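Heads up, the thing below is written out as structure tokens.
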Amino acid sequence: MVLKVGSALLIRADGHAAQGWLDALAADAAAFRAGGRQVIVVTSGAVALGRRVLNLNGKLNLEEKQAAAAAGQTRLMRAWETAFAPHGLAVAQALLTPEDTERRRRWLNARATLETLLRHDAVPVINENDTVATQELRYGDNDRLAARVAQMISADALILLSDVDGLYDRDPRAHADARHLPEVRAITPEVEAMAGGSNAMAGVGSGGMRTKIEAAKIATAAGCAVAITSGVEPAPFARLAGGGKATWFIAAGPAKAAYKAWIAGSLDPQGALVVDAGAARALLAGKSLLAAGVTDVRGRFEKGDAVRLIDDRGAEIGRGLARYDDADARRIKGLRSDAIEATLGYDDGAMLVHADDLAIHMGDKT
6 MVLKVGSALL IRADGHAAQG WLDALAADAA AFRAGGRQVI VVTSGAVALG
56 RRVLNLNGKL NLEEKQAAAA AGQTRLMRAW ETAFAPHGLA VAQALLTPED
106 TERRRRWLNA RATLETLLRH DAVPVINEND TVATQELRYG DNDRLAARVA
156 QMISADALIL LSDVDGLYDR DPRAHADARH LPEVRAITPE VEAMAGGSNA
206 MAGVGSGGMR TKIEAAKIAT AAGCAVAITS GVEPAPFARL AGGGKATWFI
256 AAGPAKAAYK AWIAGSLDPQ GALVVDAGAA RALLAGKSLL AAGVTDVRGR
306 FEKGDAVRLI DDRGAEIGRG LARYDDADAR RIKGLRSDAI EATLGYDDGA
356 MLVHADDLAI HMGDKT
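For the sequence shown, the working numbering assigns the number 6 to the initial residue and increments by one for each residue that follows.
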């Protein structure tokens, strides 16, 4: 589960973190995790906290926003650490830029880091790296960042906390007869028109219902369900688990299927790996491709690029994302796992293509 928390909920009117609210949210998340689930937090608030520290008022230019982010990020993480500490949970900061989710090599590295943190029972707390992001190359709001994280980690659901309890056909603050939509199966132009403008507090935050709809489009296409619900009401995890009021955007299909379809059909292969008969059988059984099973490396590609997988008869049996670039793949092809580090001077694992990053052709299906 990916949970997105915006500045309007997290920051008080005096510019301090709403620690009591955050403590209650962490308790709710910890109880949710106790059921064997995993939680990743995407948080805003660094710029808002840094404004107070640096006495910055009014509309900020890019340099002032970056300075405020630098001053506020440590305070933001301290607030999250304080909230989760009573539950024995460590938090881990991850600062991302669009390049980390749009460029495949960095995408793979970021995903591996998040997966490792989850395996070690930490709670990743993610924010945009506003200190280095430029105006031209930034998410601009953490709703879309949260959607990219959900896509990256193949999350089952993304929860977007708001100051309202979901999507309405009109602004419920201006229209008493506005109708709440409990479920959206397709994001049509009519649904997008319901989003209206930003609902951000003056001087705090950059998102609104419009950006949440954009985030829902990204996440549902990746097989991740999305809930927009109130962050003002307590215990969002418990409320949603009990059928509480929210708008659910239905995923297009399972996250894993969406990801593999993206690998199979949306990426332009940059090279090819030729495999022996044993490796081909393992691939068709859904196993990873080990360096020992590769007989030839063709073309030029970087780590994270899509490559074709070819059997010893010359037939393409699938596609996958390479975990080594072509130069290193040539050096380790055919080698046993224990010989890789001695050959390269480092070891990123024995797998040239991980099973999770593999789409096998099954007749006309992938």
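Ideal placement from N, C-alpha and C gives every residue a C-beta, glycine not left out.
A quick note: this is a predicted structure, and the numbers were derived from the prediction, not measured.
Indicate the three-state DSSP secondary structure (helix, strand or coil) for residue i in the structure shown.
i	result
Gln43	coil
Gly283	helix
Ala311	strand
Ile255	coil
His185	strand
Gln71	helix
Ala290	coil
Asp353	coil
Leu81	helix
Gln24	helix
Asn147	helix
Asn132	strand
Ser12	helix
Ser159	coil
Ala246	helix
Arg57	helix
Ser49	coil
Leu65	coil
Arg318	coil
Gly270	helix
Ile192	coil
Gly213	strand
Asp301	strand
Using beta carbons (cut-off 7 Å, strictly below), is residue i in contact with chain C?
i	result
Gly354	Of the protein chains in the structure, only one exists, and it is not chain C.
Alpha carbons only, please: which of the options is nearest the one belonging to residue i?
i	options	result
Gly41	Leu123, Trp85 and Pro103	Leu123
Arg305	Ser342, Pro274, Ala18 and Ser235	Pro274
Asp331	His359, Thr348, Gly354 and Val302	Val302
Asp174	Arg149, Met214 and Leu67	Met214
Asp333	Lys308, Arg318 and Ala152	Lys308
Val358	Ala115, Gly298, Trp253 and Gly63	Gly298
Gly236	Val52, Gly270 and Leu14	Leu14
Glu219	Ile365, Leu172 and Ala35	Leu172
Ala221	Gly201, Asp361, Leu245 and Ile192	Ile192
Thr136	Ala285, Gly77, Gly283 and Glu120	Gly77
Trp253	Glu188, Ala287 and Leu288	Glu188
Leu245	Arg184, Leu166, Ala284 and Thr118	Leu166
His185	Lys250, Ala35 and Asp361	Lys250
His366	Ala243, Asn114, Arg286 and Asp343	Arg286
Ala290	Leu119, Asp361 and Gly50	Asp361
Arg335	Gly258, Leu27 and Thr300	Thr300
Asp148	Ala347, Ala364, Ser12 and Gly319	Ser12
Gln43	Ala73, Leu119 and Trp112	Leu119
Leu67	Leu326, Asn134 and Leu27	Asn134
Ala364	Leu8, Leu288 and Ala115	Leu288
Would residue i pass as a contact of residue j if the rule is Cβ separation under 7 Å?
i	j	result
Ala232	Ile164	yes
Ala260	Ser159	yes
Ile255	Arg190	yes
Ala311	Arg324	yes
Val154	Val47	yes
Val52	Lys70	yes
Asp170	Thr106	no
Ala224	Ala152	yes
Thr216	Asp146	yes
Ala179	Met6	no
Ala227	Gln156	yes
Leu54	Arg80	yes
Arg110	Glu104	no
Here's a check: name, in chain order, each residue in its chain whose Cβ is nearer than 6 Å to the Cβ of residue i, leaving out the five neighbours to either side.
i	result
Ala5	Outside the displayed span of the chain (6 to 371) sits residue 5, for which this structure offers no information.
Glu321	Arg313 and Ile315
Ala181	none
Ala200	Met214, Arg215 and Ile218
Near residue i, what residues of its chain come up, given a Cβ to Cβ distance below 8 Å and the 5 sequence neighbours on each side ignored?
i	result
Arg108	Gly309
Gln24	Ala84, Thr87 and Ala88
Just to confirm my understanding: we take residue i, look at its own chain, exclude 5 residues before and 5 after, and list those with CB closer than 7 Å. What are they?
i	result
Pro239	Ala29
Ile345	Ala296, Ile337, Asp352 and Ala355
Ile16	Ala22, Ala23, Gly50, Ala53, Leu54 and Val209
Is the segment 93 to 112 close to the segment 124 to 132, with three or more CB pairs under 8 Å? Cβ pair count under 8 Å is three or more, so yes.
Kindly confirm or deny that the segment 257 to 266 and the segment 193 to 201 touch, where touching means at least three C-beta pairs closer than 8 Å. At 8 Å Cβ cutoff, the stretches do not touch.
Within 8 Å, do at least three Cβ pairs link the segment 274 to 281 to the segment 293 to 300? Verdict: yes, contact present.
Between the segment 52 to 70 and the segment 8 to 21, do three or more beta carbon pairs fall short of 8 Å? Enough Cβ pairs lie closer than 8 Å, so yes.
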